[in-house]
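Asker: The UniProt record's numbering puts the first residue of the sequence shown at 1, with every later residue one more than the last.
Just so you know, even glycine gets a beta-carbon here, dropped at the ideal spot from N, CA and C.
Nothing here was measured: the structure is a model prediction, and the numbers come from that model.
Below you will find the structure I want to go over with you.
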Amino acid sequence: MNQSKKITEGALFLAVFMILMLLSMFIPIFTILLPVPFILYSAKYDWKPTLIVFVGAILFGTIITTLLSLPVIVLMGLGGIMIGNAIYKNLSAYETLARGTFGFIIGLLFSFVFTQVVADVNIVEDMNQMVEESITMSSNLMEEAGMQNQQTEEFEELLQMQSDLLMDLLPAFVIFLALILAFLTQWIGYKFINKLFKKKLRFPPFRTLQFPSTLLWIYMIVLVFSIIETDPASTLFVILQNASLVTGTLMIIQGFSFIFFFAHHKRLPIIIPILAVLFTLFIPTILLSFVRILGIIDIGFKLRDRLTKKN
Numbered sequence: 001m002n003q004s005k006k007i008t009e010g011a012l013f014l015a016v017f018m019i020l021m022l023l024s025m026f027i028p029i030f031t032i033l034l035p036v037p038f039i040l041y042s043a044k045y046d047w048k049p050t051l052i053v054f055v056g057a058i059l060f061g062t063i064i065t066t067l068l069s070l071p072v073i074v075l076m077g078l079g080g081i082m083i084g085n086a087i088y089k090n091l092s093a094y095e096t097l098a099r100g101t102f103g104f105i106i107g108l109l110f111s112f113v114f115t116q117v118v119a120d121v122n123i124v125e126d127m128n129q130m131v132e133e134s135i136t137m138s139s140n141l142m143e144e145a146g147m148q149n150q151q152t153e154e155f156e157e158l159l160q161m162q163s164d165l166l167m168d169l170l171p172a173f174v175i176f177l178a179l180i181l182a183f184l185t186q187w188i189g190y191k192f193i194n195k196l197f198k199k200k201l202r203f204p205p206f207r208t209l210q211f212p213s214t215l216l217w218i219y220m221i222v223l224v225f226s227i228i229e230t231d232p233a234s235t236l237f238v239i240l241q242n243a244s245l246v247t248g249t250l251m252i253i254q255g256f257s258f259i260f261f262f263a264h265h266k267r268l269p270i271i272i273p274i275l276a277v278l279f280t281l282f283i284p285t286i287l288l289s290f291v292r293i294l295g296i297i298d299i300g301f302k303l304r305d306r307l308t309k310k311n
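Below is the structure:
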């Protein structure tokens with residue numbers, strides 16, 4: 001009976017996915033709902049039966065639509081399965097988010113390889129070409145405005161350096177994109193699970209977010225190696241740049257979390273930490289560094305424990 005129910009629900013969720021897939025072709029916003037059937041099914045039956053549904057989604061999806069839809073199916077399927085499996089194992093919201101992020105990273109990497117091998121589209125080369133065209137256009141406008149050749153050349157060099165930096169940081173941007181997709185997908189998944197399965201899943205208050213001390217050690221190691229390795233052409237330098245951006249951003253998030261914790265601890269109005277975050281984002285040059293340091297101190301010196309013990 002249980003096996004029959006599992007098969008029936010698997011077919012039902014597969015049908016729902018296919019409907020969402022077709023709707024997303026005409027109304028793109030439905031794309032964000034594609035992981036939901038995988039989340040619901042894997043949250044109830046674990047990953048093995050969901051894998052069969054996933055394979056079915058790939059087969060039917062590519063037949064009904066086109067082979068070019070495969071990256072979307074894989075991306076949303078892997079992200080949904082990882083999130084649903086974490087919910088099945090009763091992991092915390094942030095552990096679930098980490099697993100979902102990993103699933104979306106794998107999906108994005110698959111999409112990148114697919115577009116290059118099957119669709120014969122090199123995203124990096126296309127982006128470089130767009131940047132070069134933009135630099136050429138900007139240089140022509142500067143020359144028409146009567147600026148000197150030396151100024152134009154310096155401007156071109158600056159734009160080229162920024163372009164090269166952005167290309168080098170693509171892996172970090174992939175991680176950030178995966179994190180955003182995982183957060184949105186998990187939040188939507190929680191809403192459906194709470195409604196259908198009568199549960200009370202939710203993200204805990206932002207003020208409770210605390211990264212493990214391991215993150216601080218990774219950040220410090222990356223910082224030390226970044227000082228030693230200064231050759232922009234080396235692979236290690238590019239890896240360190242990406243690692244520095246990711247870990248540094250996580251430290252900033254930790255700092256913002258502490259600001260909310262401190263405001264709650266002192267019973268300050270919620271508008272105060274919100275304004276602090278907005279003010280920081282408006283003046284990022286100085287204040288983001290301060291927030292990053294605050295996050296480092298929070299992890300390294302257990303600021304929250306010290307504040308709690310004082311009371």
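1. State yes or no: is the C-beta of Gly80 within less than 8 Å of the C-beta of Phe38?
2. Buried or exposed for Leu294, going by 16 or more other Cβ atoms inside 10 Å?
3. Which of the three DSSP states, helix, strand or coil, is assigned to Val16?
4. How close, in whole Å, do the beta carbons of Gln241 and Leu177 come, if the pair is a contact with beta carbons under 8 Å?
5. Which class does Ile105 belong to by DSSP, given the choice of helix, strand or coil?
6. If you drop the 5 nearest sequence neighbours on each side, which residues of the same chain put their C-beta closer than 7 Å to that of Thr101?
7. In three-state DSSP terms, what is Lys44?
8. Along the chain, where does the alpha helix (DSSP H) containing Leu184 start, and where does it finish?
9. Could you tell me which of Phe30, Gly189 and Tyr41 sits nearest to Leu97, measuring between CA atoms?
10. Alpha carbon to alpha carbon, how far is Asp120 from Phe211?
11. What is the DSSP secondary structure of Thr66, reduced to helix, strand or coil?
12. Is it the case that the Cβ atoms of Met127 and Thr65 are separated by a distance below 8 Å?
13. As a quick exercise: from Ser213, Glu125, Arg267 and Phe279, pick the residue whose alpha carbon is nearest that of Leu250.
14. Assuming the contact rule is C-beta atoms closer than 8 Å, Phe192 and Leu40 should be a hit. Round their C-beta distance to whole Å, please.
15. What does a CB cutoff of less than 6 Å around Met25 pick up in its chain, not counting 5 residues either side in sequence?
16. Report yes or no: is there a C-beta of chain C within less than 8 Å of the C-beta of Leu169?
17. Based on Cα-Cα distance, which residue from Val53, Thr136 and Thr115 lies nearest to Val16?
18. Locate the alpha helix (DSSP H) running through Phe256, then write down its first and last residues.
19. Should Val74 go down as buried or exposed, given a rule of 16 or more other Cβ atoms within 10 Å for buried?
20. Let me confirm a value: Met137 is counted as buried when at least 16 other C-beta atoms fall within 10 Å, else exposed. Which label applies?
21. Go through its chain and collect everything with a Cβ distance to Met76's Cβ below 6 Å, but skip five positions before and after it.
22. Quick one: Cα of Gly84 to Cα of Thr308, how far?
23. Where does Thr230 fall in DSSP's three states?
24. Taking buried to mean at least 16 other C-beta atoms within 10 Å of its own C-beta, is Arg292 buried or exposed?
25. Could you tell me which of Ala172, Gly255 and Gln162 sits nearest to Ser134, measuring between CA atoms?
26. Taking 7 Å as the limit between beta carbons, can you name the residues of its chain near Ser226, skipping five residues before and five after?
27. Grab me the residues of Met1's own chain with a C-beta within less than 7 Å of its C-beta, minus the 5 sequence neighbours each way, in chain order.
28. Just the Cα atoms here: how many angstroms apart are Lys301 and Leu216?
29. So which of Trp187, Met167, Val174 and Leu209 has the shortest CA-CA distance to Ile259?
30. Around the C-beta of Thr202, are 16 or more other C-beta atoms found within 10 angstroms, so that it is buried, or is it exposed?
Answerer: The relevant details are as follows:
1. yes
2. buried
3. helix
4. That belief does not hold up - the Cβ atoms of Gln241 and Leu177 are roughly 17 Å apart, past 8 Å.
5. helix
6. Ala178, Leu179 and Ala182
7. helix
8. Leu170 to Leu196
9. Gly189
10. 40 Å
11. coil
12. no
13. Ser213
14. 6 Å
15. none
16. The chain inventory of the structure shown lacks chain C, comprising one protein chain alone.
17. Val53
18. Thr235 to His265
19. buried
20. exposed
21. Leu34 and Pro35
22. 35 Å
23. coil
24. buried
25. Gln162
26. Leu240 and Ser244
27. Only weak support is given to the placement of Met1: the predicted model assigns it a pLDDT of 48, under 50, and the value that follows is read from those uncertain coordinates. Cβ neighbours of Met1 beyond the five flanking positions: none.
28. In the sequence on display, residue 301 carries Phe and not Lys. C-alpha separation (whole angstroms): 11 Å.
29. Leu209
30. The residue asked about is misnamed: residue 202 is Arg in this sequence, not Thr. The residue is exposed, with fewer than 16 neighbouring Cβ atoms inside 10 Å.
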